[in-house]
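What follows is a single structure, written as structure tokens, with notes after it.
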Amino acid sequence: MSIEIVADKYSSAMFELAQEQNILELMEEQLGYVASVMAEQPELRSFLENPIVTEDAKIKLVGSIFESSIDKVALHFIYVMI
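Right under this line is the structure:
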């Protein structure tokens, strides 16, 4: 399965969940914030893309960075994407 197909499935599921919980605008803001942090911090992106780094280490770092600044739904979506 191509990465585009997988990304489409995950993004569709996230959209549906946000729509059901009436938090579409919040998710857009918060995922935009995460994207801006990733753009401003290339080291973070490199860390998350590194296949040698364990999934647990990636989740722990993402949690420590974002858990106090984004909604639980957005954070768990990022965990799934890791």
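Anchor point for the sequence shown: position 40 equals 40 in full-length UniProt numbering, and the numbering is continuous, going up by one each time. Backbone N, C-alpha and C fix where the C-beta goes; we use that ideal spot for every residue, glycine too. In this text, all values refer to a predicted model and were calculated from it rather than measured experimentally.
Do Phe77 and Leu31 have their beta-carbon atoms positioned less than 9 Å apart in this structure?
Yes, Cβ-Cβ distance for Leu31 and Phe77 is below 9 Å.
In whole angstroms, what separates the C-alpha of Val80 from that of Ile70?
Distance between the alpha carbons of Val80 and Ile70 is about 15 Å.
Counting C-beta neighbours from all protein chains within 10 Å, is the total for Ala7 16 or more, i.e. buried, or is it exposed?
With fewer than 16 neighbouring CB atoms inside 10 Å of its own CB, Ala7 falls in the exposed class.
Roughly how many angstroms separate the alpha carbons of Gln19 and Ser36, rounded to a whole number?
Looking at the two C-alpha atoms, the distance is approximately 23 Å.
Could you spell out where the alpha helix (DSSP H) holding residue 121 opens and where it closes?
Outside the displayed range of the chain (1 to 82) lies residue 121, so it cannot be described from this structure.
Taking the Cβ atom as the reference point for each residue, do Ala74 and Leu26 lie within a distance shorter than 9 Å?
The answer is yes: Cβ separation under 9 Å.
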